[in-house]
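Q: The structure under discussion is supplied below as structure tokens; questions concerning it will follow.
Residue numbers (our numbering): 244 to 383.
Here is the structure:
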């Protein structure tokens, strides 16, 4: 079993510990798994705003830095899972959105990041993160 689950579809809601949407927890539900998880209300085939993707990436990275194994899933494991994985790759490896999409398709699944709106979400996240990183360095 993984140490933590990040599930990107409401269909998981009867199996996880909390629901995450628009940047906040909205409902606790009974834990039916042996590990904690977050569920994200993310419509199929859609992208998400860069600020929300950044929150999800930060949660995953904090778990990974502690050596935890994370299970990331949606329904088919291509679109939404691919978006989050591509954003993680973009963030950790400092890649452009386009490069991160190519990498997730090479490393994980050729069908990852299925729709143009999902591709645009990864590209927007990468640009947003680079902009935020640059501005936070200036503010210090």
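Idealized CB from N, CA, C, for every residue including glycine.
Quick caveat, the model's predicted, so the values are computed rather than measured.
(1) Let's see if you can read the secondary structure: which residues bound the beta strand (DSSP E) around residue 320?
(2) Taking its Cβ as the centre, do 16 or more other Cβ atoms sit within 10 Å of residue 293, making it buried, or is it exposed?
(3) Between the alpha carbons of residue 338 and residue 323, how many angstroms are there, rounded?
(4) Return the first residue and the last residue of the beta strand (DSSP E) that residue 248 is part of.
(5) Which term fits residue 361, buried or exposed, when burial requires 16 or more other beta carbons within 10 angstroms of its beta carbon?
A: The structure says:
(1) Numbered from its first residue, the chain shown carries residue 320 at position 77. Neither: residue 320 is in no beta strand (DSSP E) and is coded neither H nor E.
(2) Counting from one through the chain shown, the residue named residue 293 turns up at place 50. Result: buried.
(3) Taking the first residue of the chain shown as 1, we reach residue 338 at position 95. Taking the first residue of the chain shown as 1, we reach residue 323 at position 80. In a straight line, the C-alpha of residue 338 is about 19 Å away from that of residue 323.
(4) To locate residue 248, count along the chain shown from 1; it is residue 5. Per DSSP, residue 248 belongs to the beta strand (DSSP E) from 247-250.
(5) Within the chain shown, numbered from 1, the residue matching residue 361 stands at position 118. Per the 10 Å Cβ criterion, buried.
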